[in-house]
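One structure below.
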Amino acid sequence: MRTTLTVVAAILAATLSTGCGASSPDAAGAGEPASPGQGRGRGGTLVVGMTSSDLPNLDGVLNGQGFEGTRFVGFQLFEGLTRYDLSRDDRVPPVTGALATSWTHDDEARTWTFELRQGVKFHDGTPFDADAVIFNLDRYLQKGNPYATAALQSAAAEYAGTIASYRKVDDRHIEIVTKEPNGHLPDDLTHVYIVSPAAVKRGDFGSHPVGTGPFRFGSIRQGRQLELLPFAGYWRGAPKLDRLVLRPIPDPAARVAALRAGEVNWIEYPTPDDVAVLRDAGFQVLTNGYDHIWYWILDTSKKPWDDVRVRRAANYAVNREALAKDLLRGTADPAYQAAPRATAAYDPQGDVYSYDPGKAKSLLAEAGVPGGFDTTVVVPTGGSGNLTPVPIAESLQRDLAAVGIRVTIKTIEWSALLSQEASGTVPYGADAIAQSTTLFQSEALLPLFLGSGSPFWTGHYSNKNVDALLKTAAQSPDLDGRAETYRKALDLVTRDAPWLFVVNDRNPRALAPTVHGLVQPKSWFLDLTTVWVGGR
Amino acid sequence: MYSFVLRRVLLALPTLLGVTLVVFATIKLVPGDPVTSLLGPAATPEARRELVARLGLDDPVPLQYLTWLRHALTGDLGVSIARQRPVTEILAAALGNTLILAAAAFALAVAGGLALGAAGAAFPGRLPGRICDALATAAVSAPQYAVALVLVALAVGRLPTGGMHDAFAPGGAGDLLAHLVLPAIAAGLVPMGLIARTARTALADLLGGDLVEHLRARGLPGRVVLAHAAHNAVPSLLTIGGLQLAYLVEGAVFVETVFSWPGVGSALFQALSQRDLPVVEAGVLVVAVCFVGVNLLVDVAHAAVDPRVRA
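Sequences listed follow chains V and Y, in order.
Its first residue numbered 31, the first sequence is counted upward by one per residue in our numbering.
Its first residue numbered 664, the second sequence is counted upward by one per residue in our numbering.
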């Protein structure tokens with residue numbers, strides 16, 4: 031028992047003595063939560079209650095925690111050669127230069143030359159240069175690299191996997207050659223962080239990360255909170271905050287309570303039912319669309335789902351407006367087509383599936399199943415981006431029953447569902463899977479979700495024209511042309527209806543009235559450099 | 664006495680080994696894999712396959728277990744797949760946090776439980792006694808998760824409802840104590856009720872039993888009678904109290920989740936949902952060691968109080 035007591039004592043001592051490396055100009059009387067940034071025009075402490083149950087990993091591309099890690103840690107500490115311009119809320123964020131100022135490519139869009147930004151320094155004061163880019167690409171891509179782990183290289187493969195070779199042209203230029211023409215390479219590179227080689231070589235990068243991003247690492251209390259500090263030397267100008275504190279608060283009720291009590295001044299994903307209450311209590315609730323869709327994948331190889339009329343009937347049978355308004359309380363928009371609203375591929379003309387139970391019934395009759403049929407859907411009980419999956423599925427179940435499609439819901443844990451889908455199978459031998467996804471965050475993945483012969487479970491959907499269009503789009507470096515080709519591809523998908531299109535999430539978050547300057551872009555990601563906390 | 668302790672320790676070893684084996688087998692039977700949770704749903708199948716191979720997850724399961732066991736025996740619990748940090752580092756922090764919470768909840772449970780139990784036994788059938796009995800029963804029946812949420816709702820703005828300290832103004836011991844109040848109540852309520860009921864039954868039996876009657880008949884003063892009665896109630900209280908302490912260390916998952924208390928329960932829960940085998944294995948092992956350890960201590964204390972059990 032003595033050991034145990036020693037441990038307790040040590041932990042207590044550690045807890046009590048950690049004064050947090052940062053200055054805390056806002057400290058108020060003990061026992062009472064301080065109002066951050068009191069009496070100042072700028073600055074302040076932002077404390078974010080995240081939905082994840084642990085802090086994200088700090089080691090570069092290995093953020094984890096269902097992209098919340100990329101949002102709050104990856105994109106704040108690090109930058110790639112490119113970045114999303116998240117400064118406006120009224121357009122799909124374009125890709126712009128970060129550590130590269132400009133780039134050119136050959137006609138085929140395979141050989142790319144990036145001009146590097148000059149005068150940029152890492153948080154540790156070492157200079158960013160062409161050698162740093164090569165060092166990082168080696169770490170991500172070179173087998174047996176001494177500074178890489180298996181997990182790091184596997185994670186990097188998602189965005190850097192199309193790179194065949196790379197070289198330093200001169201001190202200011204880098205050349206990258208892709209295995210196949212890749213028009214969205216600049217988009218991919220937003221996620222391929224260039225971190226400080228000196229910090230990596232020190233060997234404790236996972237606990238002392240160093241990048242060029244707007245925030246630098248401050249301190250961490252494992253599992254409890256991560257503190258980031260503004261990087262005074264950030265090339266776009268230092269962020270306005272004095273401190274950015276991230277806390278994992280997985281329970282939604284506890285997140286709302288923490289916001290109301292002033293323990294945090296920002297929470298991610300308040301449940302739809304809390305949104306109106308928080309608004310009435312004076313909190314800011316921000317929402318905006320992004321490239322998200324919540325849908326059912328229907329097994330197009332099984333009767334009667336193999337008949338496109340039956341799949342269309344299901345799409346006409348569900349009342350998405352009621353679902354978005356009554357169940358999700360405006361935190362999501364109805365999805366009447368395959369392209370999410372907040373993407374360049376979206377065209378309002380493509381919204382074909384209105385709520386029309388009469389049409390659904392006649393389509394079922396045409397398809398030879400006038401009396402309806404029984405079917406089974408697998409629904410995850412939670413998971414990043416899945417909103418409130420079971421209640422949504424139950425609402426759809428009621429609508430579908432009204433036209434004769436009798437749905438049995440089978441629930442499963444998200445991680446179990448995902449790993450089966452990834453291996454091309456369906457739990458319980460069901461006829462459909464409910465899930466959500468982002469379609470453009472990583473464009474290379476569109477063929478994974480919609481292509482013929484995808485190793486992922488796509489409900490055996492196959493349309494050669496869709497395959498060809500997706501390939502053409504992926505290879506086109508011209509943004510408008512690419513968007514137009516994706517629009518055509520997703521229009522075909524909408525008409526083939528391999529999915530039951532349901533809603534596009536609006537990414538709700540609630541902020542204390544003292545938080546200012548946030549632009550909520552049409553993106554999963556955020557620019558926190560403009561945010562500050564102060565009096566009303 | 665030493666041989667008694669030694670015998671118990673030796674008996675604990677196969678128990679612990681069995682626990683690790685069962686956990687390993689169970690998590691391998693459950694669908695899902697750690698690679699998906701590390702790389703995210705959108706990772707390409709090639710990246711997934713490659714990571715599986717490089718983590719050794721495609722080795723035969725018995726071989727994986729033996730590899731893990733060999734390392735564990737040398738004190739190397741491995742690296743978390745999902746978090747890419749040493750398991751010992753993750754678990755040491757979590758165990759420390761859990762012990763703080765468990766100690767506070769246990770202190771509350773013992774103090775409250777003994778008070779309620781003694782009052783119930785002292786006034787059997789009368790109003791104060793009945794109120795105490797009712798309170799004890801209510802405490803035992805209170806669902807932890809619901810109690811935690813009600814406490815959060817009641818305390819908003821008065822007491823901290825999450826985390827272990829104030830993020831705005833890093834405080835000292837007072838700050839930690841303030842953050843400890845609600846989770847300790849939520850976690851301590853059920854053990855308090857159980858201890859109260861055990862104490863009440865044991866004391867009532869004794870006070871109305873032959874021993875007390877005998878002592879009284881010999882003319883001993885009330886104070887001495889009570890001391891003798893209490894001595895005889897100790898073994899059953901030790902047993903129930905030890906069990907409750909062990910349960911608390913095991914991790915009050917719901918309480919830790921609601922109050923964002925980063926203890927063993929929430930670490931294990933998260934590791935399970937990510938199929939993060941190294942953390943699950945080591946976490947369960949740590950919990951099992953604590954459980955067995957507390958029980959061993961109880962048995963030893965039991966034997967010290969009551970020589971009959973040493974046989």
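In this text, a Cβ means the ideal position worked out from N, Cα and C, and glycines have one as well.
When DSSP assignments are scanned along the segment 286–354 of chain V, the uninterrupted stretches of alpha helix (DSSP H) that are 4 or more residues long and fall wholly within it turn out to be 302–310, 338–347. Closer than 8 angstroms to the CB of N534(V) there is not a single CB belonging to chain Y. With contacts defined as CB atoms closer than 8 angstroms, T406(V) and V420(V) fail to qualify as a contacting pair. For Q747(Y), the neighbours in chain V by C-beta distance under 9 angstroms run, in chain order, N87, D89, L92, G94, T179, A181, L182, G236. Between P677(Y) and the set V955(Y), F932(Y), D969(Y), the nearest pair of CA atoms involves V955(Y). Looking only at L680(Y), F667(Y), V686(Y), V715(Y), the smallest Cα-Cα distance to A934(Y) is reached by V686(Y). Against chain V, a Cβ distance below 7 angstroms from D696(Y) picks out S449. T920(Y) belongs to the set of residues whose beta carbon lies under 8 angstroms from a beta carbon in chain V.
For Y114(V), the beta-bridge partners assigned by DSSP are V125(V). Straight-line measurement puts the Cα of K440(V) at about 12 angstroms from the Cα of Q427(V).
Chain V places a beta carbon closer than 8 angstroms to that of L702(Y), counting this residue as a contact.
In the DSSP annotation of this structure, the continuous segment of the alpha helix (DSSP H) that includes N895(Y) starts and ends at 885–913.
The DSSP-derived three-state label of H877(Y) is helix.
Pairing A287(V) with T824(Y) gives a Cβ-Cβ distance under 8 angstroms. Residues are counted here when their Cβ sits less than 7 angstroms from a Cβ of chain Y; for the segment 308–341 of chain V the count is zero. When D154(V), A190(V), F152(V), A464(V) are compared, the shortest CA-CA separation from R169(V) is found for A190(V).
Secondary structure of H842(Y) (DSSP, three-state): helix. Inclusion of P364(V) and E351(V) in the CB contact set at 8 angstroms is warranted, their separation being smaller than that value. Nearest neighbour of A362(V) by Cα position, chosen from K518(V), N318(V), E298(V), T502(V), turns out to be N318(V).
Taking a Cβ-Cβ cut-off of 9 angstroms, the neighbours of I279(V) in chain Y comprise G825, G826, S923, given in sequence order.
Listed along the chain, the chain Y residues whose CB falls inside 9 angstroms of the CB of A503(V) amount to none; the nearest CB is some 17 angstroms away. Listed along chain V is no residue with a C-beta nearer than 7 angstroms to that of G904(Y); the closest approach is about 14 angstroms. The beta carbon of L869(Y) sits closer than 7 angstroms to the beta carbons of V875, A892, N895, A896 from its chain, once the five residues preceding and following it are set aside; these are given in chain order. A straight line joining the alpha-carbon of D161(V) with that of V561(V) spans about 33 angstroms. When Cβ-Cβ separations below 8 angstroms define contact, A190(V) makes no contact with chain Y. Burial state of A967(Y) is exposed, judged by a 10 Å Cβ sphere holding fewer than 16 other Cβ atoms. Contact annotation: T373(V) and F470(V) have beta-carbon atoms nearer than 8 angstroms. Membership of L259(V) in the beta strand (DSSP E) is indicated by the continuous run 255–260. Nearest Cα to Q747(Y) within the set G127(V), D84(V), T112(V), R101(V): D84(V).
Just measuring C-alpha positions, the residue of A504(V), L520(V), T179(V) sitting nearest S492(V) is L520(V). Taken in chain order, the members of the segment 469–488 of chain V whose beta-carbon sits within less than 8 angstroms of a beta-carbon on chain Y are Q471, S472, A474, L475, L478, P485, F486. The beta carbon of L530(V) sits closer than 8 angstroms to the beta carbons of Y325, W326, L328, R341, A344, N345, V348, L426, A462 from its chain, once the five residues preceding and following it are set aside; these are given in chain order.
Beta-bridge annotation (DSSP): D200(V) is paired with H203(V). Chain-order list of chain V residues neighbouring G820(Y): R290, A291, G292, by C-beta distance under 8 angstroms.
For S466(V) and T902(Y), the gap between their C-alpha atoms comes out near 50 angstroms. Straight across, the Cα-Cα distance linking G248(V) with E944(Y) is about 32 angstroms.
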